[in-house]
Every structure is written in C-alpha cells, then in structure tokens.
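Protein chains in written order, with the numbering used here: chain A, 196 to 354; chain B, 196 to 354. Backbone N, C-alpha and C fix where the C-beta goes; we use that ideal spot for every residue, glycine too.
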C-alpha cells in the first residue's frame, strides 16, 4: 500500500530537486512513496513540431508510462482540464483511494499526456488552470501529498 | 513601470529561496520587479487561535501591507477564492495592466488576507483551489510572472 508517482523526465533544476527531497522526507513518516522516472522524448530546442510529431512523442511517452503502471489501484493523471480539488478534497481522495489499494499519479512531459492514456487509463485531476514547469509541478504535488497526509492523520503541518 | 510583490513574511526554506532567486533573475531581462516583505504576526506553534485573535493578526498584517501599496497602478491579491486564470489569461492581465501603470501582487501570511483588504483594496486572482505554503507559493507566482513575460514578448521559455 502506498503512493507511486510516474513522472516523464528527470527533475533538472537544483532548487526543485531540493524541494522534492524536502517533501519526500516528510512523507516518509506517513507511508510508502515511490517516484519513478520514465525517459522523456528529446525535443530539439526551438524546433517547431508538427501535430504528427507531437502525437508520436506523446505515444512513446505513454508506452513508457503504461509499463510502470501496476494493474491494481487507481491511477490519476495530473492535467489542467481535470477535476479541480481543494486541499481537503485531495486529502479525502487519498484517504478513499488508499483504503482498498495503492494510488498512483502520472505527471506528463513538456507536451502533457497522450489523449488516449488520459481517456482510458487515468482519472484526471487538476491543481491549476495554469501551466507550471514539470520540475516545479513535482514539488507542488509532493507538497499536497504531504499536506493530505497531515490532514488525514490530524498531524500538525510543519512550516 | 514594473511589478511589485508585497509578501507577508520572509521565505524560510532554502529550496524556495533558491527557486525565487532563479525566477527573479530570469524576470530581470523583461522589466523591473521588486519584492517587499512585511513582518508577519508571530503565532506560537500549536496555539489555538480564537476568531478574534485571527482577526487581529489579519488586521495588523493588512496595515503593514497597505503601507507598502502605492496609490498608482492596480493591486491584485492572491486568494483561493479569486478569479481563476490560465497562463495565457495571466499574461494578458499583465499586458493590459502594465500598459497604463504599475502592477502589484499581495501574498498573505499563514492565515491569508484580511477580508476588508480583499474587498476594498485588491482585485482577487486565484492560482489554485488548493492551499500552498507561503514559500512555495512565492516561487509559483514568480514562475508565472516569468512565463507571462515570455508569452507577451514571444520569447522562448527556457526550461
């Protein structure tokens, strides 16, 4: 039982690595968390991608994501168009999901997530209408998971 | 002309200071940005505050915020219940606001912002329904300001 995050692409920025480490450590006291990174497709900077090329990138990344998704449990995709939750709602979703089984989150790459993966394999939730960089977003997700656990366990949130 | 951020309380976490520095440096190429910190009211950890005490904290912080708000320009408060924008909408708001004058943002403290300040002195915008820590939120705001400027100036977003 626990939480798995599948993220497309490594965190590159030092501050985001430090932030992710901070919240991963805090989460340890509450439960098991595993972060799995799948390779992102290289997109040459400044290169204009056609719709077909974008589809190919998303399809290849979706294959790698699926290979890490276990059959059991519920899998959530983080997507701007997903269901918006506040922090209590997110904590509640964690509680409901983890009672019967594991819980997984998928963070897409620079182009987001493949439409087919989103419609068939994931339940979509949204943190914001805004686009955030992958690195910073992983810190935001880990912080909400930590916060969710403090809410579920009625544990004080350490600033 | 430029952007001012008034934040209640200093950033304490190293990773968030590093993240804020990263985006402040990136923003410099586009325009003037000033971050002003006003003192937060000390709340003893674990102390249960009455509604009256909370009101007092918010009132004192609101006085300090107002003392930093210039008369010119438009001032926006970051509040979960504010108007939700996507990144293009936020960039557009930056463009529209900064054509005639300066633009300011207010980030509240641990208890948020005083209701009177919100209703009379600020236009409220929302990044998320979720609650984020003050430190991390400042990084999120700076990242969106950087992103907004890249959108307005059609400048590539550096990952």
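Residue environment: residue 339 of chain A is assigned as buried (16 or more neighbouring CB atoms within 10 Å of its CB, all protein chains considered).
Nearest C-alpha to residue 206 of chain B among B:248, B:230, B:220 and B:224: B:230. Residue 202 of chain B carries a strand assignment under DSSP once its states are collapsed to helix, strand and coil.
Residue pairing by DSSP puts residue 307 of chain B in a beta bridge opposite B:304.
With the criterion set as a beta carbon lying under 7 Å from some beta carbon of chain B, the members of the region 317-333 of chain A are 322, 323, 324, 325, 326, 327, 328 and 331, in sequence order. A check of alpha carbon separations from residue 287 of chain B across B:349, B:354 and B:210 identifies B:349 as the nearest. Residue pairing by DSSP places residue 318 of chain B opposite B:271 in a beta bridge. Contact residues of the region 199-223 of chain A toward chain B are 207, 208, 209, 210, 211, 212, 213, 214, 215, 216 and 217 (C-beta to C-beta distance below 9 Å). Of B:321, B:342, B:324 and B:334, the smallest CA-CA separation from residue 208 of chain B is found for B:334. Bounds of the beta strand (DSSP E) holding residue 228 of chain B are 227-233.
Put simply, the CB of residue 314 of chain A is far from chain B, with every gap to its CB atoms at 7 Å or more. Spanning the alpha carbons of residue 343 of chain B and residue 283 of chain B requires a straight line of approximately 7 Å. With respect to residue 321 of chain B, residue 275 of chain B sits close: the two C-beta atoms are nearer than 7 Å.
Per the DSSP secondary-structure output, residue 298 of chain B pairs in a beta bridge with B:198 and B:269. Taking the Cα positions, residue 296 of chain A is about 11 Å away from residue 270 of chain A.
Cβ neighbours of residue 290 of chain A within its own chain (closer than 6 Å, five residues either side excluded): 347. Cβ-Cβ distances below 8 Å link residue 313 of chain B to 272, 274 and 319 in the same chain, with the five nearest sequence neighbours on each side left out; the list follows chain order.
Around the C-beta of residue 330 of chain B, 16 or more other C-beta atoms lie within 10 Å, and the residue is accordingly described as buried.
For residue 278 of chain A, DSSP records a beta bridge to A:320. For the C-beta of residue 279 of chain B, the chain A residues within less than 7 Å are, from N- to C-terminus, 324. By the Cβ-count criterion, residue 245 of chain A is exposed, with fewer than 16 other Cβ atoms from all chains shown falling within 10 Å of its own Cβ.
For residue 343 of chain A, the enclosing alpha helix (DSSP H) has its first and last residue at 329-347.
The DSSP-derived three-state label of residue 236 of chain A is coil. Neighbours of residue 351 of chain A in chain B, taken as residues at a C-beta separation under 7 Å, are given in chain order as 241. Pairing residue 210 of chain A with residue 214 of chain B gives a Cβ-Cβ distance under 7 Å. Under the DSSP assignment, residue 244 of chain A falls outside any alpha helix (DSSP H); it carries neither an H nor an E label.
In this structure, the CA atom of residue 218 of chain B is about 6 Å from the CA atom of residue 337 of chain B. For residue 352 of chain B, no alpha helix (DSSP H) segment is defined, and its DSSP state is neither H nor E.
In the three-state DSSP reduction, residue 289 of chain A falls in the helix class (H, G or I).
Pairing residue 263 of chain B with residue 236 of chain B gives a Cβ-Cβ distance that is not under 7 Å. Cβ contact annotation for residue 278 of chain B (same chain, cutoff 6 Å, sequence separation greater than five): 320, in chain order.
Within chain B, 325 have C-beta atoms less than 7 Å from the C-beta of residue 285 of chain A, given in sequence order. In this structure, the straight-line span from the alpha carbon of residue 240 of chain B to that of residue 200 of chain A is close to 32 Å.
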